[in-house]
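Colleague:
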Ligand code: HEC
């Protein structure tokens, strides 16, 4: 009998303590997961700059000098973009959210491949030539590696199409 009353007394005082604590706490104690917990999505705000969504996204490239201008790519240009981000980005672009860059460590400093001031003067054929043969074969720096065994002629032409479409200032093909 004594055991039972001791047990009952303990249960009652525990419950009393719970109620007391629950009443005195400033915020409501949480006995279970809140209904909305984990379900309420954070508010999606527009990213501060479009560069985070568009560098290296398929079928579109952000202007490297103005991330808010998106450049739509056709199929060939998008193939060139893919190859660029596999083979050329390390040396010919600065660090972007889409990839790191080693450009600043390369001597001579490789031109950015959107640099129209440098590349618009070149014909498509001469660009394909340096991409294929490398700088060493045409009297430029051998730091520009040959890609002729790695890429097909069409892939190199696609890279050139990509270079042309991202060029700043804009590339105007000779008429
Ligand atoms: C290891 C670094 C490196 C990689 C990778 C690289 N390049 Fe280059 N590239 C250079 C350097 C350095 C030069 C500058 C050579 C010079 O001016 O003597 C250059 C020059 C060029 C030029 C000539 C620019 C001009 O002055 O007319 C073109 C075009 C070019 N690269 C395209 C590419 C393409 C396309 C790829 C990828 C398929 C690529 N490069 C990969 C380092 C690299």
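In the numbering used here, the protein residues as written are 1143 to 1317. Glycine is no exception: its CB is placed at the ideal position from the N, C-alpha and C atoms. It should be emphasised that the depicted structure is a prediction, and the values quoted were computed from it without experimental measurement.
1) Bridge partners for residue 1204 per DSSP, in chain order?
2) Consider the C-beta atom of residue 1308 and the heavy atoms of ligand 2; say whether any pair is separated by less than 8 Å.
3) Run through DSSP, which three-state label would residue 1249 get?
4) Any chance the CB of residue 1243 is under 8 Å from a heavy atom of ligand 1?
5) Taking 9 Å as the CB-CB cut-off, is residue 1149 touching chain D?
6) Rounding to the nearest angstrom, what Cα-Cα distance links residue 1237 and residue 1202 in this structure?
7) Grab me the residues of residue 1307's own chain with a C-beta within less than 7 Å of its C-beta, minus the 5 sequence neighbours each way, in chain order.
8) What is the DSSP secondary structure of residue 1237, counted as helix, strand or coil?
9) Give me the Cα-Cα distance between residue 1262 and residue 1270, rounded to the nearest whole angstrom.
10) What does a CB cutoff of less than 7 Å around residue 1200 pick up in its chain, not counting 5 residues either side in sequence?
11) Using a threshold of 9 Å, state whether the C-beta atoms of residue 1223 and residue 1258 are closer than that.
12) Check each candidate in 1162, 1265, 1290, 1300 and name the one with the smallest Cα separation from residue 1276.
13) Consider the C-beta atom of residue 1206 and the heavy atoms of ligand 1; say whether any pair is separated by less than 8 Å.
14) Starting from the C-beta of residue 1297, find all residues in its chain whose C-beta is less than 6 Å away, skip the five residues before and the five after it, and write them out in chain order.
15) Kindly examine ligand 1 and report whether one of its heavy atoms sits closer than 8 Å to the Cβ of residue 1275.
16) Between which two residues does the alpha helix (DSSP H) containing residue 1259 stretch?
Modeller: Walking through what the data contain:
1) 1212
2) Among the ligands present in this structure, namely ligand 1, ligand 2 is not found.
3) Correct three-state label for residue 1249: coil.
4) No, the Cβ of residue 1243 stays beyond 8 Å of every heavy atom of ligand 1.
5) Annotation note: the requested chain D is absent from the structure, which comprises a single protein chain.
6) 18 Å
7) 1213, 1215, 1219
8) coil
9) 13 Å
10) 1220
11) no
12) 1290
13) no
14) 1225
15) No, ligand 1 has no heavy atom inside 8 Å of this Cβ.
16) 1258–1261
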